Amino acid sequence: MSEPRERLEVDVLFVGAGPACLSGALHLANLIQAHNRKSLPGKGLESVSIALIEKGREVGAHTLSGAILDPIALAELIPDYRERNAPLGTAVSGDSVYYLTEGSRFRLPWVPPPLNNHGNSLISLSRFVRWLGELVEARGVDLFAGFAGTELLFEGERLVGVRTGDKGIDRENRPRPSWEPGVDVLAKVVVLGEGVHGSLAGQAVKRLGLDRGKAPQVYALGVKEVWELPEESPGTGEVIHTLGYPLRQEEFGGGFLYHMGRTLSLGLVVGLDYKDPFLDPHRQFQRFKSHPLIASRLAGARLAAYGAKALPEGGHYAMPRSYFDGGLLIGDSAGLVNSMRLKGIHLAMKSGMLAAETVLEALLKDDFSEGTLSRYPRLLARSWAGRELYRVRNFHQGFERGLVWGLLQAGLQMATGGRGWKDPLPSRPGHRRMRPIAAYHGAGAVPSSPLQADGKTTFDKLTNVYYSGTRHEEDQPSHLRISDPRICQERCPQEFGSPCQHFCPANVYEVVPREDGKGRRLQINPSNCVHCKTCDIMDPYQVITWVPPEGGGGPNYVNL
Ligand code: SF4
Numbered sequence: 004m005s006e007p008r009e010r011l012e013v014d015v016l017f018v019g020a021g022p023a024c025l026s027g028a029l030h031l032a033n034l035i036q037a038h039n040r041k042s043l044p045g046k047g048l049e050s051v052s053i054a055l056i057e058k059g060r061e062v063g064a065h066t067l068s069g070a071i072l073d074p075i076a077l078a079e080l081i082p083d084y085r086e087r088n089a090p091l092g093t094a095v096s097g098d099s100v101y102y103l104t105e106g107s108r109f110r111l112p113w114v115p116p117p118l119n120n121h122g123n124s125l126i127s128l129s130r131f132v133r134w135l136g137e138l139v140e141a142r143g144v145d146l147f148a149g150f151a152g153t154e155l156l157f158e159g160e161r162l163v164g165v166r167t168g169d170k171g172i173d174r175e176n177r178p179r180p181s182w183e184p185g186v187d188v189l190a191k192v193v194v195l196g197e198g199v200h201g202s203l204a205g206q207a208v209k210r211l212g213l214d215r216g217k218a219p220q221v222y223a224l225g226v227k228e229v230w231e232l233p234e235e236s237p238g239t240g241e242v243i244h245t246l247g248y249p250l251r252q253e254e255f256g257g258g259f260l261y262h263m264g265r266t267l268s269l270g271l272v273v274g275l276d277y278k279d280p281f282l283d284p285h286r287q288f289q290r291f292k293s294h295p296l297i298a299s300r301l302a303g304a305r306l307a308a309y310g311a312k313a314l315p316e317g318g319h320y321a322m323p324r325s326y327f328d329g330g331l332l333i334g335d336s337a338g339l340v341n342s343m344r345l346k347g348i349h350l351a352m353k354s355g356m357l358a359a360e361t362v363l364e365a366l367l368k369d370d371f372s373e374g375t376l377s378r379y380p381r382l383l384a385r386s387w388a389g390r391e392l393y394r395v396r397n398f399h400q401g402f403e404r405g406l407v408w409g410l411l412q413a414g415l416q417m418a419t420g421g422r423g424w425k426d427p428l429p430s431r432p433g434h435r436r437m438r439p440i441a442a443y444h445g446a447g448a449v450p451s452s453p454l455q456a457d458g459k460t461t462f463d464k465l466t467n468v469y470y471s472g473t474r475h476e477e478d479q480p481s482h483l484r485i486s487d488p489r490i491c492q493e494r495c496p497q498e499f500g501s502p503c504q505h506f507c508p509a510n511v512y513e514v515v516p517r518e519d520g521k522g523r524r525l526q527i528n529p530s531n532c533v534h535c536k537t538c539d540i541m542d543p544y545q546v547i548t549w550v551p552p553e554g555g556g557g558p559n560y561v562n563l
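Counting from 4, one number per residue, gives the positions in the sequence shown under my numbering.
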């Protein structure tokens, strides 16, 4: 493996083809074009090169969201988006919010303003970013799908580029005949928008201490399915949000069901700061679908797609410093989600656009130092996006003591511009809230028997993974790095009951009988992974690190 790496030099590199980077790349290309039109020949930015790398096999393959789009950023980025056939799906025709118990429901007499979606559109985010990707390429941006950024390249403390992963390494770390070394993509500025808990963003945060003085990030996991209806039925455009069942008072989260033409998009969001080591978000999602309110909507429909993804919920106080010499953080990588509205796409797009405006200034000054790039967080704070995030700065943290207390806090926060009774509210990393079996259930407790999926409304994890289109090269090193395997085999089973087997929504972690018949052991099936990042976030010992597998591997989301 001594072949020299290819080097590719560009001016601006975006990492991750989600709404943040695609909006940023498109806006930057537009700004440069507008600048060049006003400049004397030869005095413009004609030679600026912009590249974007994406680990999925194509743009959109790893992109998943609920999703209801607030078009505010889209209208700024592409004012004629309707004429350009933006895939906006169905306009929201009505909202309702229910509190569920196991067998019944209570419809709230009014919809809390943050959940009012009048004027918004139901979309498939994976389809939406495919459309954005076409516009970006048409603007001359070089878009490389199937290339996973695995390592940040620094000169001193200045980010100078990204190394992409080698392809064709076998599970013993030896080159296969198809081996191709990764590429060093060198850039004057790198914009990281890899999505939630991005591995490159994580490297930057750790190396440069970008989270110093910030509240810990907290997360939720969204598990989602898309169902196809036999024909368009009345009620298209309907939006349902739920609280309560199947989650308990102590757990943060809720369900959703969106009716878009001939499809139903439904899912369950579960805060990754729960206490019960046996809690299984996928299983809870199956119970959610079995509730009469949801099951009645699914009658006659068939499962078409499945996916899962974590989302950053910590809000304003948990956002890391988003600028440094040679780099910016945008979108979910910067923690830009409004968890009260269950929305982040419009914030991701706006952050990409503001990063583009900052990068334009840096290109004009030929200065990519953190002094110039510090304009980005100032622009963000002054924008509608920054103000929106500031108003919900304590939302998730308000639920630390459960649903009822959280709803009271949310009401108070809405009345006080986000302040609530204390500002900022204290917070701690979600994995620290998980309690050992003995403390939570009592010594010797075991999880209830596995879910008996009926194959009609409810499905086991492996069946669901099939519907995510997930595919990895099997003969490659595991992309789930365990820093201390003894903890997983000896200590964790006793103390927490191997909670990875429960919180992973893709059956990657399995407890199986040992070959010698002496007890059980943890088996890891990396090729099932849907890249949700939950194990890296929620493992109580923090010994699991998710790293990108060979580029192109992972889910293949189409309508999610
Ligand atoms: Fe998610 Fe980790 Fe399971 Fe992959 S292995 S699906 S990242 S929990």
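Using N, Cα and C, we set each Cβ at its ideal position, and we do this for glycine too. Small disclaimer: the values here were computed from a predicted structure and weren't measured.
- In the DSSP assignment, G257 falls outside any alpha helix (DSSP H) and within the unbroken beta strand (DSSP E) covering 256-263.
- Our two residues, L525 and D487, have alpha carbons roughly 13 angstroms apart in a direct line.
- With contacts defined as CB atoms closer than 8 angstroms, E197 and S336 qualify as a contacting pair.
- Collapsing the DSSP output to three states places I333 in coil.
- Here G557 is not near H121, since their CB atoms are 8 angstroms or more apart.
- The three-state secondary structure of K459, taken from DSSP, is coil.
- Unbroken alpha helix (DSSP H) runs of no fewer than 4 residues, entirely contained in the segment 84-161, are found at 128-141, following chain order.
- It is roughly 12 angstroms from the alpha-carbon of G212 to the alpha-carbon of M322.
- In the three-state reduction of the DSSP assignment, D539 falls in the helix class, which pools H, G and I.
- Contact annotation: G274 and F255 have beta-carbon atoms nearer than 8 angstroms.
- The beta carbons of G338 and P233 sit no closer together than 8 angstroms.
- By the Cβ rule, the segment 294-303 does not count as touching the segment 463-481, because fewer than three pairs are nearer than 8 angstroms.
- Distance from the CA of N33 to the CA of L363, rounded to the nearest whole angstrom, comes to 10 angstroms.
- When DSSP assignments are scanned along the segment 354-396, the uninterrupted stretches of alpha helix (DSSP H) that are 4 or more residues long and fall wholly within it turn out to be 373-376, 378-385, 387-394.
- Where K464 is concerned, the enclosing alpha helix (DSSP H) starts and stops at 464-470.
- In the DSSP assignment, R523 falls within the unbroken beta strand (DSSP E) covering 523-527.
- Rounded to the nearest angstrom, the gap between the Cα atoms of S181 and L260 is 44 angstroms.
- For L267, the enclosing beta strand (DSSP E) begins and ends at 266-274.
- The shortest CA-to-CA distance from P90 to any of A78, T104, G164, S124 is the one to S124.
- Distance check between P543 and each of F281, K312, G205 places F281 closest, using alpha-carbon atoms only.
- Looking only at V546, L454, R10, the smallest Cα-Cα distance to L483 is reached by V546.
- Within the chosen limit of 7 angstroms, the ligand SF4 does not reach the beta carbon of P552 with any heavy atom.
- DSSP, read as helix, strand or coil, puts F402 in helix.
- Only residues of its own chain outside the window of five on either side were considered, and among them L428, S430 have a CB closer than 6 angstroms to the CB of Q400, listed in chain order.
- Relative to the ligand SF4, the nearest heavy atom lies less than 7 angstroms away from the CB of V511.
- A Cβ-Cβ distance of about 7 angstroms is found for the pair E498 and I440, placing them in contact under the 8 angstroms criterion.
- Shown here, S299 sits in a helix according to DSSP, grouped into three states.
- For G159, the closest C-alpha among the options F327, E476, G555, R394 is that of F327.
- About 5 angstroms separates the CB atoms of V18 and L195; that is less than 8 angstroms, so the two are in contact.
- According to the DSSP assignment, V208 belongs to the alpha helix (DSSP H) that extends over 202-211.
- Residue range 22-41 is occupied by the alpha helix (DSSP H) that includes A23.
- With a cut-off of 7 angstroms, the C-beta of P508 is classified as near the ligand SF4, since at least one heavy atom of the ligand falls inside that distance.
- In this structure, C495 has its CB at a distance of at least 7 angstroms from all heavy atoms of the ligand SF4.
- CA-CA distance, T473 to N510, rounds to 12 angstroms.
- When the five nearest sequence neighbours on each side are left out, the beta carbons in the same chain lying within less than 6 angstroms of the beta carbon of H475 are those of S530, P552, G556, in order along the chain.
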